[in-house]
Amino acid sequence: MSDDKPAPPKPPGPPPPKNPGFVTCTIDGREVVVKPGTNMIDAARQAGSEIPYYCYHQRLSIAANCRMCLVEVSTAPKLVPACQTPLAEGMAVKTQSSKVKESQRAVMEFLLLNHPVDCAICDQAGECKLQDYYMRYDYRPSRLEGGKVLKEKRKVLGPLVVLDQERCIMCTRCVRFMEEVAKEPQLGMFGRGSHETIDVFPGGQLDSNYAGNTVDICPVGALLSRDFRFRARAWFLSSAPSVCTGCSRGCNTYLDFFGQDVYRYRPRENPEVNQSWMCDVGRLSYKVLNRGRLLMSRVGRGSSAPEATRSEAVKYAAMKLKPLFGEKLGVLASPLCSNEDLLAALSLAKEVFGAKAVFAGGRAEDKADHFLLTADRNPNRKGLQWIAAGLGLALRPFEELPRAIESGEVKALYAVGTELPSDEAAFAPLLSRLELLVVQAINDGPLRAQAHVSLAAASHAEDEGSFVQKDGAIQRFRRAFPPRGDAWPHWRWASELWRELAGAAIFHSSREVWQALSSRVPELASFDWDGRAPIAQLGRGLLPLAAAADGRPGGYREVGVPRVRGI
5 MSDDKPAPPK
15 PPGPPPPKNP
25 GFVTCTIDGR
35 EVVVKPGTNM
45 IDAARQAGSE
55 IPYYCYHQRL
65 SIAANCRMCL
75 VEVSTAPKLV
85 PACQTPLAEG
95 MAVKTQSSKV
105 KESQRAVMEF
115 LLLNHPVDCA
125 ICDQAGECKL
135 QDYYMRYDYR
145 PSRLEGGKVL
155 KEKRKVLGPL
165 VVLDQERCIM
175 CTRCVRFMEE
185 VAKEPQLGMF
195 GRGSHETIDV
205 FPGGQLDSNY
215 AGNTVDICPV
225 GALLSRDFRF
235 RARAWFLSSA
245 PSVCTGCSRG
255 CNTYLDFFGQ
265 DVYRYRPREN
275 PEVNQSWMCD
285 VGRLSYKVLN
295 RGRLLMSRVG
305 RGSSAPEATR
315 SEAVKYAAMK
325 LKPLFGEKLG
335 VLASPLCSNE
345 DLLAALSLAK
355 EVFGAKAVFA
365 GGRAEDKADH
375 FLLTADRNPN
385 RKGLQWIAAG
395 LGLALRPFEE
405 LPRAIESGEV
415 KALYAVGTEL
425 PSDEAAFAPL
435 LSRLELLVVQ
445 AINDGPLRAQ
455 AHVSLAAASH
465 AEDEGSFVQK
475 DGAIQRFRRA
485 FPPRGDAWPH
495 WRWASELWRE
505 LAGAAIFHSS
515 REVWQALSSR
525 VPELASFDWD
535 GRAPIAQLGR
545 GLLPLAAAAD
555 GRPGGYREVG
565 VPRVRGI
């Protein structure tokens, strides 16, 4: 008889998942089905619950050091950080219990213990998560007796960023971004306890081309942009979804403006192009939209040329262009123009002028970097190539234009955009040989001064349209405000010239241009112009979004300010 005893029964394994391939859990009594690895904060948002946080960012590593996101879960006896705790099958999560609420209030009190009362002068006021969360989770007076811990108030970290160490809550978003995303670890944590600070390393500075992103992701007013600081209050600004024109990457942006002045660019989320970031070269490129603008059309050469109305300028340009149709009339197109501008202008050149080729203008190439910034500093180079080919026009490099003018091959020039890849001041005198120069210019400059007719053109901030970025992605942008002065978009000038010269092809919107002409370009024909537009104007007129520091569109703040005490 054998002495072997039967093996004890194995404990029952975990029940099979309710939804195979997914994690099914309960958050505040509501069942949520998410993909494995989904962060609890994001899963709670799907269930309609908001878990407050400071240090969590979906594109950075988990730090779990702010403790604002502590919640109750069925699998742990204590509160756990939602950003760090993985979701498990059958887990029950509570985000609104009295225990969680008291924890949130205590964390807020701790964070505000030494925080200066700077809201009245802080640039982050109106878009600060400390303000939002205080009103929602704390809303109690301070119990601190004695003075607050004082730190450095205005520490310049680099060309673009200044640090107020007293406002910092040590979320370490900036440190993690510079190390993990920018791959330039220029920031660190120094000191201990209440005297711990964020700072650059000794002898260094925050001079990365991506330093401005640390301002975007800072949840409080600690890191501020030296370019934007003290220039505008957030609640005075409106925002329009746009595309950066600093290079061919085509980073998605929010364009923040007041009236008809642009105050800043902020990155807009696009996982396929720029994720949540943008470079500082592109961030500061908004200034060309404000400075040196050509706001009135002019007839005649030089800075003293008299101003003209739109109709006068169109009639005069058409009268001068008509006798010069043919190969002697050159066309210069800028890859800073939108697809709609180029469709209208190059169709005019092909159908009316009889052009067979077009010269490519635009900015000169510059140095690329290791992340987003490309060597091609033009946002629509590929769009220009596609449209020229689709319309049957040969695209010639700009370097051939000076030789063509000197040889007499080109005796007149129609320029759509005045950006040049060479020194404008050196090229401008060569234009004096032309019988006629008609330019559509956004900004004043040497090339415009040589023009016989200067047509004031609107920027991409003043019209709707699209660009094609370097990898072939077509991206839509929205109009922020109407054109300044007497400016018209490039497509509108081309349309008016077309009507004056041939009595046809009048367009009233960039949408009409796209619908009428995009079918001629195979790469553009299938693009859903209306369906791919970012949210913005709903209905008639301009209804821009409210601006917010971390890219949140109006109505999508993480937390709202409660309507109490008249606030």
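Numbering of the sequence shown is given in my numbering, commencing with residue 5 and proceeding in unit increments.
Ideal Cβ positions, reconstructed from N, Cα and C, are used throughout, including at glycine.
Could you give the residue range of the beta strand (DSSP E) that holds residue i?
| i | result |
| --- | --- |
| MET193 | 191-194 |
| LEU399 | 398-400 |
| VAL318 | Counting along the chain, VAL318 falls outside any beta strand (DSSP E), though it belongs to the alpha helix (DSSP H) covering 314-325. |
| LYS291 | Run containing LYS291: none; DSSP gives neither H nor E here. |
| LEU227 | 227-229 |
| LEU350 | Here LEU350 belongs to no beta strand (DSSP E); instead the alpha helix (DSSP H) covers 343-352. |
| LEU521 | Unbroken run through LEU521 is the alpha helix (DSSP H), 514-521; no beta strand (DSSP E). |
| GLY469 | 469-472 |
| ILE539 | No beta strand (DSSP E) holds ILE539; DSSP gives it neither H nor E. |
| ARG480 | 478-481 |
| THR201 | 201-204 |
May I ask you to list the residues that DSSP assigns as paired with residue i?
| i | result |
| --- | --- |
| SER65 | In DSSP, SER65 forms no bridge with anything. |
| LEU417 | GLY334, LEU441 |
| LEU259 | ALA244, TYR269 |
| ALA508 | According to DSSP, which records beta bridges pairwise, ALA508 is partnered with nothing at all. |
| ALA96 | THR30 |
| TRP492 | ALA461 |
| ARG171 | Answer is none; ARG171 lacks a bridge partner. |
| ARG302 | GLU311, SER458 |
| VAL362 | LEU399 |
| VAL36 | CYS29 |
| GLU76 | LYS98 |
| ARG297 | ASN447 |
| VAL104 | DSSP output for VAL104 lists no bridge partner at all. |
| LYS159 | LEU167 |
| VAL84 | VAL75 |
Which whole-angstrom value describes the C-beta separation of residue i and residue j, a residue pair presumed to lie in contact below a C-beta threshold of 8 Å?
| i | j | result |
| --- | --- | --- |
| MET182 | SER212 | 7 Å |
| ARG594 | GLY250 | Outside the displayed range of the chain (5 to 571) lies residue 594, so it cannot be described from this structure. |
| PHE261 | TYR267 | 6 Å |
| VAL179 | LEU164 | The pair is not a contact, with the Cβ atoms about 17 Å apart (cut-off 8 Å). |
| ALA461 | ALA491 | 6 Å |
| ALA453 | ARG305 | 7 Å |
| ALA359 | VAL335 | 5 Å |
| CYS283 | LEU377 | 5 Å |
| PRO56 | CYS73 | 6 Å |
| SER338 | GLY366 | 5 Å |
| ALA322 | GLU439 | Wrong, their Cβ atoms sit about 15 Å apart, outside the cutoff. |
| ARG488 | GLN264 | 5 Å |
Is the CB-CB distance between residue i and residue j below 8 Å?
| i | j | result |
| --- | --- | --- |
| LEU347 | SER522 | yes |
| THR201 | CYS172 | yes |
| VAL303 | TYR290 | no |
| LEU395 | PHE357 | no |
| ALA429 | PRO450 | yes |
| LEU298 | ASP203 | no |
| ARG482 | SER246 | yes |
| GLN444 | LEU434 | no |
| VAL38 | ALA48 | no |
| LYS152 | ASP168 | no |
| LEU328 | ALA416 | yes |
| CYS175 | CYS87 | no |
| LEU340 | GLU468 | no |
| ILE45 | TYR60 | yes |
| LEU293 | ALA465 | yes |
| GLU369 | ALA379 | yes |
| PRO383 | SER514 | no |
| ARG272 | THR257 | yes |
Note the first and the last residue of the continuous alpha helix (DSSP H) segment covering residue i.
| i | result |
| --- | --- |
| THR176 | Note, THR176: premise wrong, no alpha helix (DSSP H); not H, not E. |
| ARG2 | Look at the range of the chain in this structure, 5 to 571, and you will see that residue 2 is not part of it. |
| ILE221 | 216-221 |
| PHE431 | 428-431 |
| ARG407 | 404-411 |
| PRO526 | 526-529 |
| TYR137 | 133-137 |
| ALA392 | 385-394 |
| VAL285 | 284-287 |
Taking 8 Å as the cut-off, does the segment 87-102 touch the segment 120-135 (at least 3 CB pairs, one atom from each stretch)? no
Would you check if there are 3 or more beta carbon pairs closer than 8 Å linking the segment 420-427 to the segment 278-286? no
The segment 224-240 / the segment 154-164 touching (three or more Cβ pairs under 8 Å): yes
Decide yes or no for the touch test of the segment 470-489 against the segment 382-389: beta carbon pairs closer than 8 Å, at least 3 of them. yes
The segment 139-154 touching the segment 18-30, judged by at least three CB pairs closer than 8 Å: no
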